[in-house]
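Novice: Pasting a structure below so you can have a look.
Protein chains: 4
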Amino acid sequence: MHSQRFYTLTASCPDRAGIVAKVTGFIAEHGGWIFESNMHTEHEALRYFLRIEIRADSLPYQLDDLRARFAPIAQELNMDWKINDSAVKKRVVLMVSKQEHCLYDLLARWQSKELDIEIPCVISNHDTFRGFVEWHGIPFHHVPVTPDNKAAAYAEVQRIFDEVRGDTMVLARYMQIIPPELCAAYPGRIINIHHSFLPSFVGAKPYHQAYQRGVKLIGATCHYVTAELDQGPIIDQDVIRVDHSDSVEDMVRYGKDIEKAVLARGLRYHLEDRVLVHGNKTVVFR
Amino acid sequence: MHSQRFYTLTASCPDRAGIVAKVTGFIAEHGGWIFESNMHTEHEALRYFLRIEIRADSLPYQLDDLRARFAPIAQELNMDWKINDSAVKKRVVLMVSKQEHCLYDLLARWQSKELDIEIPCVISNHDTFRGFVEWHGIPFHHVPVTPDNKAAAYAEVQRIFDEVRGDTMVLARYMQIIPPELCAAYPGRIINIHHSFLPSFVGAKPYHQAYQRGVKLIGATCHYVTAELDQGPIIDQDVIRVDHSDSVEDMVRYGKDIEKAVLARGLRYHLEDRVLVHGNKTVVFR
Amino acid sequence: MHSQRFYTLTASCPDRAGIVAKVTGFIAEHGGWIFESNMHTEHEALRYFLRIEIRADSLPYQLDDLRARFAPIAQELNMDWKINDSAVKKRVVLMVSKQEHCLYDLLARWQSKELDIEIPCVISNHDTFRGFVEWHGIPFHHVPVTPDNKAAAYAEVQRIFDEVRGDTMVLARYMQIIPPELCAAYPGRIINIHHSFLPSFVGAKPYHQAYQRGVKLIGATCHYVTAELDQGPIIDQDVIRVDHSDSVEDMVRYGKDIEKAVLARGLRYHLEDRVLVHGNKTVVFR
Amino acid sequence: MHSQRFYTLTASCPDRAGIVAKVTGFIAEHGGWIFESNMHTEHEALRYFLRIEIRADSLPYQLDDLRARFAPIAQELNMDWKINDSAVKKRVVLMVSKQEHCLYDLLARWQSKELDIEIPCVISNHDTFRGFVEWHGIPFHHVPVTPDNKAAAYAEVQRIFDEVRGDTMVLARYMQIIPPELCAAYPGRIINIHHSFLPSFVGAKPYHQAYQRGVKLIGATCHYVTAELDQGPIIDQDVIRVDHSDSVEDMVRYGKDIEKAVLARGLRYHLEDRVLVHGNKTVVFR
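Going line by line, the protein sequences match chains B, Y, Z and H.
Be aware that the first sequence starts at 1, since it is given in the UniProt record's numbering, and climbs by one per residue.
Be aware that the second sequence starts at 1, since it is given in the UniProt record's numbering, and climbs by one per residue.
Be aware that the third sequence starts at 1, since it is given in the UniProt record's numbering, and climbs by one per residue.
Be aware that the fourth sequence starts at 1, since it is given in the UniProt record's numbering, and climbs by one per residue.
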């Protein structure tokens, strides 16, 4: 990200001639300076996607004004769109269970401002990491989940998330299945890291499945959470080589490194408004 | 491979104390010089695997003698075993259809002696590559396969393979399903390259499946052919990164590079007796 | 590439506000339909790069007309620019020595129309591949190079290249150093595959150098040839893992797979006008 | 690693016939059960390397006895050798400066017992991470380094390291050059993570160098520290893809993920006695 403040316009619309001319013509009209721009046409679906960063100080008006002036163009082009301000930090709520690798990793990135976000709180179904999280000055909420209290527990998660005005919920190896209601409440805003190279090895114990099948690479997948388990739009994936000498425990260990890296990359793409969802797929303007 | 002649012993047996001492003690007894050795214990199954290369000129007797002398030890250890001679070239029959990339690739490797094998013939269900194959001085057999003649066609394939004394059959993007009878006739001797990162995208059109699912890496898998489609023991796999801008055609194109490399690596491991099958998995002594 | 005909505009110019609006406004003016567009700003150098594919049948005039109409805009923006027609196949001359892997690989891609190019001839300092090349119906020129005839030999190479109206010269493991005069005659038009991950292991025998240093990955680099050996702008690179058990010969063998894939990718980017050179670096609009 | 206690024998010696027979014959003599064994011959140097894990409870005597009994064999074979006990945790001293990613990463692995080591202390030339380290119950030593106090500072580092009986010193992005005296004091015991794919980009600011050269992959290298800067034996390396759109800051960020993973892998190999140094190279029995 640039040190200068900028507005990020992301949009998608039916493809036709002249879209980018219309959008960039509007930006240029008042001297708007473009930092970075990406376009993509999904040729099968005839749908157009774009992401444009505009230097904030190059426009003679404010964000609200920009939105108001752009609205008629967006309407004419039948766009899904939004404009975000780089000066407004995203608020990211972390959900964890008893594995520490993604939590340590994300807090290190937050600590060093590599991830320039607010973490208003961490929520966990275990009390394990209270001390570690609170040492960082971040509130910690222990919301136990049992077979009997699921509805109440996730109502509480939702209450906390809303109360802290969360933008994005990150399941940082949170080992519980998110109920459909919660998925529906925050579409495209809950990010999970699954410890396999999806669509292989959906569900529980993917490293055991990988070991049994004898695959020669294992991986991890960062995706948006939808009601269907491990089926949401994929944001990023990666793999690492294993061989016959690696036990399930070795795979788990190697896998953690992939999980951390893939989750951090995927989250960053999301936070920078680089991910546009199209059906069950994503356009990622890297 | 070394330029010097050597014998390769590969074996597996129930694990216990003293196996390697017994085997290498036997080799050392007459001054046998070990070039390379690999061992592996499958701890869950308590099964031991080994591969040892012995310099041929370090032994005061011939291969048959070596086998005869080793047999009692193998029996005592309850071993599955074989000893191959690096001076005897393996005879590899290629099966192709209408895609050229694996064929060109394997012939280039054969031409340069990177693959130091005999190719007694190429068999195809199309006549497309007759000229190219025959230009290389390799006999070409056109065995058409139709829904009606399958049994006869594969009987003919088997007849040719036996007639040329084939050791290994390579499905170099041969776009037909091998019938169970043929699979059963040559267990662990038919090698396929599947154009996906198995177990994802079994069956037809894996790149289309990958495109539909929106994965961020695509791959290929080299495996032994068994009666169950795309379920045989995996020898090698690899992947390459794709993104939203890649069409199915792009994926096919990127995929071909992975297919060639993975097939060539897997085939080489097999030909050098580096692959030991264990149930539906492989030990690959790279 | 799309099956439909299109024009590809590539350009770079000093960065300022309004560039993309001006360019795409011009395209939209007569209904030009954009297939694909990529932009990039080099923020340090304040230089702007763009590549736009325009559907040929969406414009009411021909290529020459398009160029003439665009020229004033390009001048206003102080652009380096060109517009190519996808219907005009690029003419690629291959230079080889005695290694076959890149030659087989490129001819397989040409044969299958994966690379939709003309190969007007192959030039070699050895006669080794005459039969193979001519079997494909491609003229073969044997231009021996000795310490004494270098100037004459490369004059002959240049004469042939010009005579066949070559667009691009590919050094497909051509094991000779191209003299500065030839480099200067075709800037940004001679592509080499170097068998190391540059800038490591410049010059001769890079795999030996890699073996001596004990690196754990080896690679290959596709780059434009400039007068300074192995220092030209890098188009693409890749690596593969090796370990202590790999001899120099193993590295050579593994390396060939990387060389083929990287050369083919880099060449394709070049042929599709996806590579824009900026000083000694490249912008590659993948 | 296995949950059962074992002894690890690592050794190297001049190659000859019968080495493994002699060593494993000795182990088998008293019923020693081998968990895992690896051998390698460096054919050029005619040197033999081996690593064997022996189940502690399969031997009728203790570690000291094992060493004493093995010594004559080792002498006969002219071996460099050692035998370690898996029940004795290695003592690892971390050296850090002001970057947190490797520190957080290693402490997370230690916390979860993925790295089953003792961390007797962390030493830093800055006081930045005192709180974080001490929160984990680990002593923290601030040893400032200035141009004027180098000799005294590293004498203090050495004093602390000896006092806490350190086995291995890890430079976890410790941004100072270790003086030759310290390198000489602990040969093969100081591990560094260099933020480039060596031998490219030795010395300071490797990501800047990579950016200037326009490479398409960046990497990191875990190596033993020797008196010659960034020239020590390489333990592990890895890379990640970048492109023209990545700034130096992006490269730094991507690089950190590689650094963490490569350092953790290399350190683990070292701690498990999987790394045997041979001249300026390593044999890594993965």
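C-beta: ideal position from N, C-alpha, C; glycine also.
All figures in this text were calculated on a predicted structure; none of them were measured in a lab.
Measuring alpha carbon to alpha carbon, tell me which of B:Asp273, B:Ser196, B:His30 and B:Asp148 ends up nearest B:Arg51.
Specialist: Of B:Asp273, B:Ser196, B:His30 and B:Asp148, the smallest CA-CA separation from B:Arg51 is found for B:Asp273.
Novice: Alpha carbon to alpha carbon, what distance is there between B:Asp57 and B:Met1?
Specialist: Below a pLDDT of 50, predicted positions are generally treated as unreliable, and B:Met1, at 46, falls in that range; no measurement from the model is reported.
Novice: Using a threshold of 8 angstroms, state whether the C-beta atoms of B:Leu106 and B:Ile193 are closer than that.
Specialist: no
Novice: Taking contact to mean at least 3 C-beta pairs separated by less than 8 angstroms, is the region 11 to 20 of chain B in contact with the region 17 to 36 of chain Z?
Specialist: yes
Novice: Excluding the five sequence neighbours on either side, which residues of its own chain have a C-beta within less than 6 angstroms of the C-beta of Z:His208, listed in chain order?
Specialist: Cβ neighbours of Z:His208 beyond the five flanking positions: Val248.
Novice: If you draw a straight line from the C-alpha of Y:Arg5 to the C-alpha of Z:Asp257, how long is it?
Specialist: 27 angstroms
Novice: Please compile the residues from chain H whose C-beta is within a distance smaller than 7 angstroms of the C-beta of Y:Gly32.
Specialist: Ala17
Novice: Counting contacts by CB-CB distance shorter than 8 angstroms, is Z:Val157 in contact with chain H?
Specialist: no
Novice: Taking the alpha carbon of Z:Met175 as the point to measure from, which residue in Z:Ser97, Z:Asp246, Z:Gly279 and Z:Glu42 has its own alpha carbon closest?
Specialist: Z:Ser97
Novice: Using the Cβ count rule (16 or more neighbours within 10 Å means buried), how would you classify Z:Leu46?
Specialist: exposed
Novice: Pick out the complete alpha helix (DSSP H) segments inside the UniProt domain "ACT" (8 to 88) of chain Z, 4 residues or longer, and give them in chain order.
Specialist: 19 to 29 and 63 to 77
Novice: Using the Cα positions of H:Glu29 and H:Ile177, report the straight-line distance between them to the nearest angstrom.
Specialist: 49 angstroms
Novice: Could you check what DSSP says for Y:Ala172 in three-state terms: helix, strand or coil?
Specialist: Reduced to three states, the DSSP call for Y:Ala172 is coil.
Novice: By Cβ distance below 6 angstroms, which residues in the same chain neighbour Z:Arg189 in space, the five residues on each side in sequence not counted?
Specialist: Thr168
Novice: Which runs of the beta strand (DSSP E) fall wholly inside the region 177 to 208 of chain B and span at least 3 residues, in chain order?
Specialist: 190 to 194
Novice: Under 7 angstroms Cβ-Cβ, which residues of chain Z neighbour B:Asp36?
Specialist: Checking the sequence shown, residue 36 of chain B turns out to be Glu, not Asp. By Cβ distance, chain Z contributes Thr41.
Novice: Is it buried or exposed, H:Gln62, if we count other Cβ atoms within 10 angstroms and call 16 or more buried?
Specialist: exposed
Novice: Any beta carbon of chain Y sitting closer than 8 angstroms to that of B:Val202?
Specialist: no
Novice: List, in order along the chain, the chain Z residues whose C-beta lies closer than 7 angstroms to that of H:Ser12?
Specialist: The contacting residues do not exist; H:Ser12 stays about 12 angstroms from chain Z at best.
Novice: With a threshold of 6 angstroms on Cβ separation, who are the neighbours of H:Ala87 within its own chain once the five nearest residues in sequence on each side are excluded?
Specialist: Arg5
Novice: Say yes only if the C-beta of Y:Gln111 is nearer than 7 angstroms to one or more non-hydrogen atoms of the ligand PLP, and no if none qualify.
Specialist: The ligand PLP is not part of the structure shown, which contains no ligands of any sort.
Novice: Spatial neighbours of H:Ile240 within its chain, please: C-beta separation below 8 angstroms, excluding the five flanking residues on both sides.
Specialist: Leu217, Ile218, Gly219, Tyr254, Gly255, Asp257 and Ile258
Novice: If we require 3 or more residues per run, which beta strand (DSSP E) segments fall completely within the region 90 to 116 of chain B?
Specialist: Unbroken beta strand (DSSP E) runs of no fewer than 3 residues, entirely contained in the region 90 to 116 of chain B, are found at 92 to 96, following chain order.
Novice: Would you kindly work out how many angstroms separate the C-alpha atoms of H:Arg159 and B:Val133, rounded to a whole number?
Specialist: 34 angstroms
Novice: Report the residues of the region 41 to 68 of chain B with a CB closer than 7 angstroms to any CB of chain Z, ordered along the chain.
Specialist: Thr41 and Ser58
Novice: Considering Cα atoms alone, identify which of Z:Phe197, Z:Gln99, Z:Leu77 and Z:Ile138 is closest to residue 327 of chain Z.
Specialist: Only positions 1 to 286 of chain Z appear in the structure, and residue 327 of chain Z is not among them; the question remains open.
Novice: I want to see whether chain H comes within less than 8 angstroms of B:Leu9, judged by CB atoms only; does it?
Specialist: no
Novice: Return helix, strand or coil for Z:Gly131, following the three-state DSSP convention.
Specialist: helix
Novice: Using a C-beta to C-beta distance shorter than 8 angstroms, which residues of chain Z count as neighbours of Y:Ser112?
Specialist: Gln99, Glu100 and His101
Novice: Assuming the contact rule is C-beta atoms closer than 8 angstroms, H:Ile119 and H:Val157 should be a hit. Round their C-beta distance to whole Å, please.
Specialist: Wrong, their Cβ atoms sit about 15 angstroms apart, outside the cutoff.
Novice: For a quick check, are the C-beta atoms of H:Gly203 and H:Leu229 less than 8 angstroms apart?
Specialist: yes
Novice: Judging by CA-CA distance, which residue of Y:Tyr48, Y:Pro233 and Y:Phe26 is the nearest neighbour of Y:Ala11?
Specialist: Y:Tyr48
Novice: Against chain B, does H:Ala261 count as a neighbour if the rule is that its beta carbon must be under 8 angstroms from one of theirs?
Specialist: yes
Novice: I need the DSSP call for Z:Lys256, collapsed to helix, strand or coil.
Specialist: Z:Lys256: helix per DSSP, three-state reduction.
Novice: Using only the alpha-carbon positions, how far apart do H:Lys281 and H:Ile234 sit?
Specialist: 6 angstroms
Novice: Find the nearest neighbour of Y:Leu115 within the set Y:Phe197, Y:Arg286, Y:His270 and Y:Phe201, judged by alpha-carbon distance.
Specialist: Y:His270
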